[in-house]
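Read in order, the letters of the sequence shown are residues 1 to 576 in full-length UniProt numbering. Ideal Cβ positions, reconstructed from N, Cα and C, are used throughout, including at glycine. Reviewing the structure listed below.
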Amino acid sequence: MREPSARTSAEQEPPARAFARAWAHNLHEVCFVPRRLSRTIPLLEDLSLQLAAALGGDRPDPAAGHRAGTAMVEAQLWSPAALRVSVELIHGRLRDDLGVGHPDAAARTGPLLGAFTEAFTEAVRAIALTETDDVRRHERAQAHRAVRRAEHERQHALLHDQISGLPNRHALLEHLGALLAAAPRPGRLGVCVLNLVQFAELTDALGMEQGDALLREVGLRIRDLTVAEGLYAAHLGGDEFVLVRPDTRGIDDVIKMFGLAREALAYPWRPATHPIQLDAKAGLLERRTAGASPGEVLRTAKMALTWAKGDPVTSYAVFEQRRHDADQRRHALSRDLPAALDRGEVHLAYQPIVRLGDRRVVAVEALARWDHPEHGTVGPAEFIPLAERIGLLNRMIDSQLRAAASHARSWQRPGRPVRLHLNLSTAQLSDPALPAIIGAALDATGLPPGLLTFEVTEQAVTDPQPGTATLAAVAALGAGFAVDDFGAGYSNFARLHEVSRAAVTTLKIDRSLLASPDVMLSTLVDLAHGLGLEAVAEGVETQEQATRVQTLDCDAAQGHFFGPPMPPEPLRGLFA
Ligand code: C2E
Ligand code: CA
Ligand code: CA
Numbered sequence: 001m002r003e004p005s006a007r008t009s010a011e012q013e014p015p016a017r018a019f020a021r022a023w024a025h026n027l028h029e030v031c032f033v034p035r036r037l038s039r040t041i042p043l044l045e046d047l048s049l050q051l052a053a054a055l056g057g058d059r060p061d062p063a064a065g066h067r068a069g070t071a072m073v074e075a076q077l078w079s080p081a082a083l084r085v086s087v088e089l090i091h092g093r094l095r096d097d098l099g100v101g102h103p104d105a106a107a108r109t110g111p112l113l114g115a116f117t118e119a120f121t122e123a124v125r126a127i128a129l130t131e132t133d134d135v136r137r138h139e140r141a142q143a144h145r146a147v148r149r150a151e152h153e154r155q156h157a158l159l160h161d162q163i164s165g166l167p168n169r170h171a172l173l174e175h176l177g178a179l180l181a182a183a184p185r186p187g188r189l190g191v192c193v194l195n196l197v198q199f200a201e202l203t204d205a206l207g208m209e210q211g212d213a214l215l216r217e218v219g220l221r222i223r224d225l226t227v228a229e230g231l232y233a234a235h236l237g238g239d240e241f242v243l244v245r246p247d248t249r250g251i252d253d254v255i256k257m258f259g260l261a262r263e264a265l266a267y268p269w270r271p272a273t274h275p276i277q278l279d280a281k282a283g284l285l286e287r288r289t290a291g292a293s294p295g296e297v298l299r300t301a302k303m304a305l306t307w308a309k310g311d312p313v314t315s316y317a318v319f320e321q322r323r324h325d326a327d328q329r330r331h332a333l334s335r336d337l338p339a340a341l342d343r344g345e346v347h348l349a350y351q352p353i354v355r356l357g358d359r360r361v362v363a364v365e366a367l368a369r370w371d372h373p374e375h376g377t378v379g380p381a382e383f384i385p386l387a388e389r390i391g392l393l394n395r396m397i398d399s400q401l402r403a404a405a406s407h408a409r410s411w412q413r414p415g416r417p418v419r420l421h422l423n424l425s426t427a428q429l430s431d432p433a434l435p436a437i438i439g440a441a442l443d444a445t446g447l448p449p450g451l452l453t454f455e456v457t458e459q460a461v462t463d464p465q466p467g468t469a470t471l472a473a474v475a476a477l478g479a480g481f482a483v484d485d486f487g488a489g490y491s492n493f494a495r496l497h498e499v500s501r502a503a504v505t506t507l508k509i510d511r512s513l514l515a516s517p518d519v520m521l522s523t524l525v526d527l528a529h530g531l532g533l534e535a536v537a538e539g540v541e542t543q544e545q546a547t548r549v550q551t552l553d554c555d556a557a558q559g560h561f562f563g564p565p566m567p568p569e570p571l572r573g574l575f576a
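As C-alpha cells, this is what we get:
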C-alpha cells in the first residue's frame, strides 16, 4: 500500500480533478476565459463527475450532457474552440481517465455529447440573443430618455410661454395653488398683473417679429426681477405679465412690487430702429391666503387691471371687493334690463313742477323707475347709464312718450296747460334717429308737441357737437328744452347764449345751489331771465326753501315739498 504522503501532487489528485485540470488547460489555451485557471478547475471537475456518472450509471442520462453544455456557456467557456476541445476530451479521455467501466459507456458517449453540443450551442445562441437584447435595451433606454426629454419639453412648453420662456398661466395657477396650500394661516399674498402700455400700437408700428422681441425683452427684465427680489413671475400671454409675492404685509408691498416692475421697464429698449420707452399699467391684489382659490386670485387681480386700464389717469388699480360687487351688480342689471323693458318693469313716476306765484302745477317731470324682482326699486341714476351703454335709450324714450302722453292729456284743463318734462341723456342727443322716434310717438299719441319739454344738460345744448343737429330737429317738431342741473357742473357761460337758439325755454337750477348764498341763486335767476328763460328751482324740500326761492324771483320750483315723484293716480288730484 502506498503512503499518501509519498505521492506526487498529480498522483494525489482525484482522477476527476486531473481530468478537469487538463480540460481547463486546453480551454484556457483556445478561449479567453475571464477567470483564473484554478477557479475553472473545480467547475470542470464537477462537470466531469456528472458526465462520468451519466456514462456509468444504471440508466443513460443525456440530460447530464445538456446540463454540462449549458454550464460551460454560463461559465463563459463559450467559444467554438472551447466546444471542440471539450468534445474531443470528453470523447477521447473521460471514460478512461475517470475509470468509467460500464459496458454501455462507449455507446452512451455519442448521445451524451450530442446533448452537450446541443445545449452548448443553444446556450450560446441565447447569450447572443441576450446580447442583442442588451443592445436593444440600450436602444430602448436611449429611446426612453428621448421620450422623457420630449415629455419634459412638452411639459415645459405646457407650462411656459413660448416667446418669453416665463412660466405661463397654467404654471402660475399651479404656483398659486401651492402657495395657497402651503401658506401659514393666517398668511397673505400679493399679486400684480402687468399690462404693457400701448403694446398694440407698438407692434403695429414695429411688426410682429419686433413685437415678439419686445416681449422677450420684457420677459428678461421681469425674470431679473424675480431673481433679484425673490418674486415669482409669469407671462399670461400677449402683453400681460404677473408678479407674485408671498408673505405680504399690506397693499404697500404690492405697490412697491409694481414700482420695481415699472423701474425695470423704464430704461429704453433699443431695437434696430429707435429706442422705445416701455411702461405698464397694473391691477394689484393683496389678500389673505385663507379661502382663496388660484383662479379667484388671478381673476380678481385681472379685474383690478381692467379698472386701471379703464382709467386714463392712474397707472394701477387695487382690487376692492366693494367695487367688484358694484361691477357684478352692474353686469347683472345690464343683463336683465332688455327683458325688464319687455315685461314693463321699467315705468315712470311723475313729479309736479309748481309755479311759485300761485302754486299751480304747470309741468310734470317724468322720472324712470325699475321695479326689479330681485333688487327692488332701482333708480334711474343707476340704470340709465347702463341702458345708454347697451343702446336701449331710444326704446325707452319711445315707450315713455307713449305711456306718459295719455296721462299728460288727462292733466290739461282749459286755459291751464300742463307740460310734460322728459329727460334725455347727452348720448341720445347725438343719435340722428331720435327725432323720428319722437315724431312717431307724438303722432301715435296725439300729444301736442308744444306741451313737451325735454330736459337736457347744459353741455348738450352749448357744446358744438352732432347733438345740436338732433336738438334742432326735435325742436322743429315743436318740443321745447330745459337745461337740467344748471350750476352743478362747469358751466360754460361763454356759450350759454346758444341756448336761446335751441328752443330752450327753461333753466333748472340744481338743488346743490340751495346751499349757496342768496347772491349766487339770484345771479343765476337773473341770468335765466336775461336769456329769456324761466328759472326753476330743483330739490325744494321745505317751506323755508320754497319761500326763499320765491323771494329770489324763481318762477317755479320742484321738490319733495311740493310733491315727490309719484304714480299717475295720486298726481291727478293736483289738477282738480
Ligand atoms: P333729475 O332730472 O335732476 O331729476 C331730479 C332728481 O331729484 C330725481 O331723482 C328726483 O327723484 C330727485 N328729487 C326730486 N325732488 C327732490 C327733493 O326734494 N330732494 C331730493 N334730494 N331729491 C329730489 P331720480 O328720480 O333718482 O333721478 C335721477 C336722475 O336720473 C334724474 O335727475 C335724471 O337726470 C335721470 N333720469 C331719470 N329718469 C330718466 C329718464 O327717463 N331718462 C333719462 N335719460 N334720464 C333720467
Ligand atoms: Ca331732470
Ligand atoms: Ca335736475
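query                                                                                                                : result
Closer than 8 Å: L452 CB and nearest ligand 2 heavy atom                                                             : no
Burial state of H560 (16 or more Cβ within 10 Å)                                                                     : exposed
One or two residues paired with E455 in a DSSP bridge                                                                : N423, A482
Strand pairing of R93, partner residues [DSSP]                                                                       : According to DSSP, which records beta bridges pairwise, R93 is partnered with nothing at all.
Residue ranges of each alpha helix (DSSP H) within the segment 301-357, 4 or longer                                  : 321-343
Sequence-distant residues of its chain with Cβ nearer than 8 Å to L166 (five each side left out)                     : H160, G219, I222, R223, A233, A234, H235, F241
Cβ distance (whole Å) where L333 is taken to contact V361 below 8 Å                                                  : That pair is no contact at about 33 Å.
Inter-stretch contact (C-beta, 8 Å, three-pair minimum) for the segment 386-393 and the segment 402-419              : no
Cβ neighbour criterion (16 or more within 10 Å) applied to R7                                                        : Model confidence at R7 stands at a pLDDT of 46, short of 50, so the residue's coordinates are unreliable and nothing is read from them.
Check: K508 C-beta below 8 Å from any heavy atom of ligand 3                                                         : yes
Cβ-Cβ distance between M303 and D327 below 9 Å                                                                       : yes
Residue environment, M208, which counts as buried when at least 16 other CB atoms sit within 10 Å                    : exposed
Neighbourhood of L49 by C-beta distance below 8 Å, restricted to the same chain and skipping five residues each side : A16, L98
Inter-residue Cα distance where the pair is V346 and L367                                                            : 10 Å
C-alpha gap between L51 and T40, whole angstroms                                                                     : 16 Å
Element boundaries [beta strand (DSSP E), containing G370]                                                           : The sequence given here places Trp at residue 370; Gly does not occur at that position. Unbroken beta strand (DSSP E) run through W370: 361-372.
E388 Cβ short of 8 Å to ligand 3 heavy atom set                                                                      : no
Short CB-CB distance (under 9 Å) between S430 and chain D                                                            : In the structure shown, chain D cannot be found, because there is only a single protein chain.
DSSP-derived helix/strand/coil call for I438                                                                         : helix
Coarse secondary structure for N168, derived from DSSP in three states                                               : coil
Host alpha helix (DSSP H) of F241 (start-end)                                                                        : Premise fails: F241 lies in the beta strand (DSSP E), 240-246, not in any alpha helix (DSSP H).
C-beta contact flag for L571 and W370 at 9 Å                                                                         : no
CA-to-CA distance, T523 to G573, given in whole angstroms                                                            : 35 Å
Ligand 2 heavy atom lying under 8 Å from the CB of E365                                                              : yes
Beta carbon of A349 nearer than 9 Å to that of D398                                                                  : no
Straight-line gap, E13 to N26 (C-alpha atoms, nearest Å)                                                             : 18 Å
Where the alpha helix (DSSP H) through R395 begins and ends                                                          : 393-411
Near ligand 3: residue 577 beta-carbon under 8 Å from a heavy atom                                                   : Residue 577 lies beyond the stretch modelled for the chain, which goes from 1 to 576, so this question has no answer here.
Touching by the beta-carbon criterion (3+ pairs, under 8 Å), the segment 512-528 and the segment 542-562             : yes
beta-carbon E538 near ligand 3 non-hydrogen atom, thresh 8 Å                                                         : yes
Contact set for P338: own chain, Cβ-Cβ below 8 Å, skip 5 residues either direction                                   : I390, L392
Same chain, Cβ closer than 8 Å to A476, five either side skipped, listed in chain order                              : P435
Rounded separation between R299 and F319 - CA only                                                                   : 10 Å
Opening and closing residue of the beta strand (DSSP E) in which V536 lies                                           : 534-537
Cβ-based neighbour list, H66, same chain, cut-off 8 Å, excluding 5 preceding and 5 following                         : A115, F116, E118, A119
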